[in-house]
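Engineer: If you use UniProt numbering, the sequence shown corresponds to residues 1 to 188, in order.
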Amino acid sequence: MGSFWVGERVRLRGIEPEDWELLAKREENTTDMRRGDKIHSPWSAARQREAAQKAALKPVEGDQFDLAIESLEDGALVGTVGTFLTDHRAGRFGYGIGINPEHKGRGYGSDAVPLLLSFMFGERRFNKCEATVWAFNEPSLAFHRKLGFTEEGRLREHEFFAGRHHDVVVFGMTAAEFAARHPFPSEI
Numbered sequence: 001m002g003s004f005w006v007g008e009r010v011r012l013r014g015i016e017p018e019d020w021e022l023l024a025k026r027e028e029n030t031t032d033m034r035r036g037d038k039i040h041s042p043w044s045a046a047r048q049r050e051a052a053q054k055a056a057l058k059p060v061e062g063d064q065f066d067l068a069i070e071s072l073e074d075g076a077l078v079g080t081v082g083t084f085l086t087d088h089r090a091g092r093f094g095y096g097i098g099i100n101p102e103h104k105g106r107g108y109g110s111d112a113v114p115l116l117l118s119f120m121f122g123e124r125r126f127n128k129c130e131a132t133v134w135a136f137n138e139p140s141l142a143f144h145r146k147l148g149f150t151e152e153g154r155l156r157e158h159e160f161f162a163g164r165h166h167d168v169v170v171f172g173m174t175a176a177e178f179a180a181r182h183p184f185p186s187e188i
């Protein structure tokens with residue numbers, strides 16, 4: 001018996017309350033965090049525990065959710081992936097991924113993202129996934145190109161952090177483009 005949520009290297013699962021320490025560890029690494037997000041003030045352990053508890057119990061609303069990425073090799077939490085800005089009328093959604101620094105470069109993201117996209121395109125009937133990447137984040141730019149995302153544009157000086165404005169690169173992938181690389185099952 002197989003699982004839709006299991007790839008070659010990872011399993012996507014719900015976030016559990018006990019994941020809080022690893023999630024907090026990733027937030028503390030502001031150098032790595034800045035490559036994909038803006039940094040914020042530090043959280044207490046109590047606040048981190050509460051956030052993980054809320055994430056574990058939060059109902060899925062409008063196809064917006066976060067999932068833990070777990071290594072099949074050792075069961076370690078290696079990161080998270082999730083959806084946001086879902087627009088059912090237009091058929092598009094945004095997604096984000098964060099891999100803990102010590103687990104980068106092992107193919108976990110390349111395994112996790114197609115699992116998420118297969119669900120959103122093949123089960124939830126979305127037509128397009130959009131991703132935004134800081135223009136200076138060369139590894140993430142290369143990652144999205146490798147996955148088959150198309151660079152759709154650049155928002156110049158769009159975000160402010162680290163004392164200046166930064167460009168944002170917008171990527172997109174349609175359901176048809178995804179299916180050409182990752183065909184949906186012919187048998188159920």
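Virtual Cβ for every residue (Gly too), placed ideally from N, Cα, C. Remember, it's a predicted structure, so these values are computed and weren't measured experimentally.
Mapping the DSSP letters down to three states, classify Ala-90 as helix, strand or coil.
Structural biologist: Position 90 of the sequence shown, counted from the start, is the residue given in the question as residue 90. Coil at Ala-90, not helix or strand.
Engineer: Would His-144 pass as a contact of Phe-178 if the rule is Cβ separation under 7 Å?
Structural biologist: Position 144 of the sequence shown, counted from the start, is the residue given in the question as residue 144. Position 178 of the sequence shown, counted from the start, is the residue given in the question as residue 178. In this structure, Phe-178 does not lie closer than 7 Å to His-144 by Cβ.
Engineer: Going by Cα to Cα distance, which pick from Thr-132, Val-113, Leu-141, Trp-43 is closest to Arg-181?
Structural biologist: As a working mapping, residue 181 is identified with position 181 in the sequence shown. Among Thr-132, Val-113, Leu-141, Trp-43, the Cα nearest to that of Arg-181 belongs to Val-113.
Engineer: Starting from the Cα of Tyr-95, find the closest Cα among Val-10, Gly-62, Leu-116, Gly-153 and give me that residue.
Structural biologist: Within the sequence shown, numbered from 1, the residue matching residue 95 stands at position 95. Nearest option by C-alpha distance: Leu-116.
Engineer: List the endpoints of the continuous beta strand (DSSP E) containing Ala-76.
Structural biologist: Sequence index remark: in the sequence shown, residue 76 carries index 76 (1-based). Neither: Ala-76 is in no beta strand (DSSP E) and is coded neither H nor E.
Engineer: Are the beta-carbon atoms belonging to Leu-67 and Val-78 less than 7 Å from one another?
Structural biologist: As a position in the sequence shown, residue 67 is number 67, starting the count at 1. As a position in the sequence shown, residue 78 is number 78, starting the count at 1. Not in contact: Leu-67 and Val-78 (Cβ atoms no closer than 7 Å).
Engineer: Alpha carbon to alpha carbon, how far is Ser-110 from Leu-72? Give it in angstroms, no decimals.
Structural biologist: Taking the first residue of the sequence shown as 1, we reach residue 72 at position 72. Taking the first residue of the sequence shown as 1, we reach residue 110 at position 110. For Leu-72 and Ser-110, the distance between alpha carbons rounds to 14 Å.
Engineer: Under the three-state reduction of DSSP, which class applies to His-144: helix, strand or coil?
Structural biologist: Within the sequence shown, numbered from 1, the residue matching residue 144 stands at position 144. DSSP places His-144 in helix when its eight states are reduced to three.
Engineer: Assuming Phe-178 is part of the alpha helix (DSSP H), what are its boundary residues?
Structural biologist: The count along the sequence shown starts at 1 and reaches residue 178 at position 178. Per DSSP, Phe-178 belongs to the alpha helix (DSSP H) from 175 to 181.
Engineer: Are the beta-carbon atoms of Tyr-108 and Ile-99 separated by less than 7 Å?
Structural biologist: Locating residue 108 in the sequence shown gives position 108, where the first residue counts as 1. Locating residue 99 in the sequence shown gives position 99, where the first residue counts as 1. For Tyr-108 and Ile-99, yes; Cβs fall inside 7 Å.
Engineer: Would you check if the stretch 45 to 65 and the stretch 2 to 11 touch, i.e. whether three or more CB-CB distances between them fall below 8 Å?
Structural biologist: Judged by Cβ distances under 8 Å, the stretch 2 to 11 makes no contact with the stretch 45 to 65, as fewer than three pairs qualify.
Engineer: What is the C-beta distance between Glu-151 and Val-168, in whole angstroms, given that I count them as a contact (C-beta under 8 Å)?
Structural biologist: The residue labelled residue 151 in the question sits at position 151 within the sequence shown. The residue labelled residue 168 in the question sits at position 168 within the sequence shown. 11 Å between Cβ atoms; not a contact.
Engineer: Sort Ser-140, Asn-127, Glu-159, Arg-9 by Cα distance to Gly-91 and report the nearest one.
Structural biologist: The sequence position of residue 91 within the sequence shown is 91, counting from 1. For Gly-91, the nearest C-alpha among the options comes from Asn-127.
Engineer: State the CB to CB distance for the pair Thr-86 and Gly-62, rounded to an integer number of angstroms; the pair is presumed to be in contact (CB under 8 Å).
Structural biologist: On the sequence shown, position 86 is the one that residue 86 refers to. On the sequence shown, position 62 is the one that residue 62 refers to. Their Cβ separation, rounded to whole angstroms, is 5 Å, which keeps Thr-86 and Gly-62 in contact under 8 Å.
Engineer: How many whole angstroms separate the CB atoms of Gly-148 and Met-173, which I take to be in contact at a CB cut-off of 8 Å?
Structural biologist: Taking the sequence shown and counting its residues from 1, one reaches residue 148 at position 148. Taking the sequence shown and counting its residues from 1, one reaches residue 173 at position 173. Right, the Cβ-Cβ distance comes to about 6 Å (below 8 Å), so this counts as a contact.
Engineer: Trp-20 and Arg-47 - do their beta-carbons sit closer together than 7 Å?
Structural biologist: Along the sequence shown, read from residue 1 onward, the residue named residue 47 stands at position 47. Along the sequence shown, read from residue 1 onward, the residue named residue 20 stands at position 20. No.
Engineer: Classify Leu-23 as buried or exposed, calling it buried when 16 or more other Cβ atoms lie within 10 Å of its own Cβ.
Structural biologist: As a first step, residue 23 must be located in the sequence shown, where it is residue number 23. When all chains shown are included, Leu-23 counts as buried.
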